Amino acid sequence: MPESAYDCIVIGSGPGGYVAAIRAAQLGMKTAVVEKDLVGGRCLNYACIPAKAVLRVADVLAEIDEAGSFGIEVTGRSVDFGGVSDRRRRVVKTLTGGVSGLLKKNGVDVIDGHGAVTEDGNVRVGSLFDGTEIEARKCVVLATGSIGRPVPGTQFGGRVIGTEQGWALDELPARLAVIGAGASGAELASAYGRLGTEVLLIEALDRVLPTEDPEISQIAARALAKQNIAIHTSTMVSDVSSGESSVSLRFGDETTEADYLVIAAGRGPDVEGLGLQEAGVELEDSGLIKVDGAMRTSLAGVYAIGDLVPGPALAHKASDEGVIAVEDAAGLETHPISYIDIPRATFCSPNVASFGLTEEQAREQGMDVVVGKVSYGAVGAGTVYGDRAGMIKIIGDKTYGEMVGGHIVGAKATDLIQELVNAKALEGGYPEVARIIHGHPTLSEGVLEAARDADGWLIHG
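Residue numbering for the sequence shown follows my numbering, starting at -5 and increasing by one per position.
Here's what the structure looks like:
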């Protein structure tokens, strides 16, 4: 049974919620997490982790298919999708079990049930109006994440599913239609396309990964088109009809059928039953919760983080916000997040990763822009690993040698971007990165060469 009072109560146990709870406990607060579903939230159970587990299988299969170019002959390869699903479940179970263990290790109570905030800054567990009220002596952290939303002309049900259901399929579909070519849609298409599914990827905007730098998007799109994926940009979907074993739809002037239609565009904050209106918590016009730089809401002692608040909907962003929230509640000095400098990672093949401004955005802001870029093929490791088409692009402002953006497409891009993010966080610019000794032969030498190019003295390229 939960106790009648805690110092800190966190509603939601995803990457933002469980990190906030553990940090609060480390700071000496008696802490509880209220979770209505599974510990680990949507990210660990239905989204980030299952997605990467399936994508990893597709990566392994792609390496097998390319083995001939490395002098290895492979015959009789096949995909046991039941085995793929079993591995996905094992990965999820391992990681969610780890989170449960961390909560227990840090003395955090986990309360099963639906949590809602009250107007006096406590938490009601159960029904919004007649559940059990638990006192929060110092703070409440709202961390319930987001839920998928259908795009106009569609609704979830039957063969029309969201990405969470898309990653949880137990049979490999023969044909899949995906609406949205942002990070989620590109990952889903890249995974299933390489596993053997015929994929139709539909995007309303004019390019794949439309928020990334156009050069990066173009390279990614060329690679995706070779993965059993038919890409249709500047295209809308209509006339969706879900049947017993398939779904029909119109895209542009064409009609088609697929085993499933996956909607990978549009999510909204999961605030139903959270009691925001009744408690008087102020919202943005978008429906997100209004917070300040310390993640405080308009209700004293109540904080909100992650997909509930403005900023990119990223798990690592939620985790950092959770730390800021409870440290502020504990009376520690905190600093607002520079949201533009949070790394963005897409795990399709090739990987795409970025931070900061695109070249176009930097020029629109009137900066004295310098661009440094190099292909993976310019450094030894790119050829060794068989990825010469990747590219690293640094956007700088000549005025102070500042890095204002970094963009990478290619193998391990999601790891490589962190060097540029770290340099920026430590107030280093592209001239500093250009002078750091990098190991040889490594893909990270591409980061070095891109920085040298921005600084005007490219060696390999």
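C-beta atoms are modelled at their ideal positions from N, C-alpha and C, and glycine is treated no differently. Please read these numbers as outputs of a predicted model, since none were measured by experiment.
Residues that DSSP places opposite residue i in a beta bridge
{"i": "P263", "result": "S140"}
{"i": "S235", "result": "S242"}
{"i": "R338", "result": "S348"}
{"i": "E29", "result": "D106"}
{"i": "H226", "result": "I196"}
{"i": "D391", "result": "V363 and E396"}
{"i": "A252", "result": "V241"}
{"i": "I128", "result": "V117"}
{"i": "R290", "result": "Y297"}
{"i": "C133", "result": "C2"}
{"i": "A171", "result": "L194 and L255"}
{"i": "V111", "result": "V117"}
{"i": "V368", "result": "I386"}
Same chain, Cβ closer than 6 angstroms to residue i, neighbours up to 5 away in sequence not counted
{"i": "A428", "result": "A445, R446 and D449"}
{"i": "T393", "result": "D362"}
{"i": "L194", "result": "A171 and A224"}
{"i": "V398", "result": "G350, L351, A356, I389 and D391"}
{"i": "S369", "result": "M385"}
{"i": "T436", "result": "A375"}
{"i": "V364", "result": "G390, K392 and A448"}
{"i": "E251", "result": "S240 and S242"}
{"i": "E197", "result": "A175 and T227"}
Proximity of residue i and residue j at Cβ, strictly below 8 angstroms
{"i": "S313", "j": "P44", "result": "no"}
{"i": "Y297", "j": "V134", "result": "yes"}
{"i": "A372", "j": "H454", "result": "yes"}
{"i": "I3", "j": "V117", "result": "yes"}
{"i": "G176", "j": "T205", "result": "yes"}
{"i": "V275", "j": "L293", "result": "yes"}
{"i": "I257", "j": "G187", "result": "no"}
{"i": "L49", "j": "T90", "result": "no"}
{"i": "K387", "j": "K367", "result": "yes"}
{"i": "D200", "j": "H401", "result": "no"}
{"i": "G423", "j": "E396", "result": "yes"}
{"i": "V111", "j": "Y12", "result": "no"}
{"i": "V154", "j": "L255", "result": "yes"}
{"i": "A137", "j": "Y40", "result": "no"}
{"i": "K132", "j": "G237", "result": "no"}
{"i": "L268", "j": "L277", "result": "no"}
{"i": "V28", "j": "G107", "result": "yes"}
{"i": "A15", "j": "L97", "result": "yes"}
{"i": "A309", "j": "E113", "result": "no"}
{"i": "V378", "j": "L410", "result": "no"}
Neighbourhood of residue i by C-beta, 8 angstroms cutoff - its chain only, sequence neighbours within 5 removed
{"i": "G331", "result": "The residue asked about is misnamed: residue 331 is Ile in this sequence, not Gly. For I331, where only same-chain residues beyond five positions count, the Cβ hits under 8 angstroms are G287, G305, K311, D314, E315 and I318."}
{"i": "V202", "result": "A175, A180, L195, S211, A214, A215, L218, I225 and T227"}
{"i": "G380", "result": "E60, S63 and F64"}
{"i": "Q463", "result": "Coverage of the chain is limited to positions -5 through 455, which leaves residue 463 absent and any answer about it impossible."}
{"i": "G190", "result": "V73, L166 and N222"}
Start-to-end residues for the alpha helix (DSSP H) that takes in residue i
{"i": "I210", "result": "P208 to L218"}
{"i": "H310", "result": "A309 to A323"}
{"i": "L55", "result": "C42 to D59"}
{"i": "G11", "result": "P9 to Q20"}
{"i": "A76", "result": "In the sequence under discussion, the amino acid at residue 76 is Gly, which differs from the Ala named in the question. Start and end: F75 to K99."}
{"i": "Y186", "result": "A177 to L189"}
Residue interval of the beta strand (DSSP E) (run including residue i)
{"i": "E396", "result": "E396 to V403"}
{"i": "A298", "result": "V296 to A298"}
{"i": "D1", "result": "A(-1) to I5"}
{"i": "I155", "result": "V154 to G156"}
Residues of its chain near residue i, where Cβ-Cβ distance is below 7 angstroms and the 5 sequence neighbours each way are ignored
{"i": "G262", "result": "S140, I141, R143 and G281"}
{"i": "V408", "result": "In the sequence on display, residue 408 carries Thr and not Val. Closer than 7 angstroms at the Cβ level, and outside the excluded window around T408, lie A339, F341, N345 and A347."}
{"i": "I128", "result": "P(-4), S(-2), A(-1), Y0, I3, N116, V117 and V119"}
{"i": "D53", "result": "S343"}
{"i": "E353", "result": "D207, V363, V365 and I389"}
Q.
Does the contact criterion of 3 or more C-beta pairs under 8 angstroms hold for the stretch 63 to 74 versus the stretch 174 to 183?
A. no
Q. Given 8 angstroms as the limit, is there contact between the stretch -5 to 2 and the stretch 69 to 82, that is, 3 or more CB pairs closer than that?
A. no
(Q) So, does the stretch 332 to 342 touch the stretch 412 to 426, judging by three or more C-beta pairs under 8 angstroms? (A) yes
Q. Any contact of the stretch 83 to 99 with the stretch 42 to 61, i.e. 3+ C-beta pairs under 8 angstroms?
A. yes
Q) Can you find at least 3 beta carbon pairs, one from the stretch 126 to 142 and one from the stretch 160 to 177, that sit closer than 8 angstroms? A) no
Q: For the stretch 95 to 115 and the stretch 15 to 29, state whether three or more C-beta atom pairs, one from each stretch, are separated by less than 8 angstroms.
A: yes
(Q) Across the stretch 212 to 232 and the stretch 241 to 253, are there enough close Cβ pairs to call them in contact, namely three or more that are closer than 8 angstroms? (A) yes
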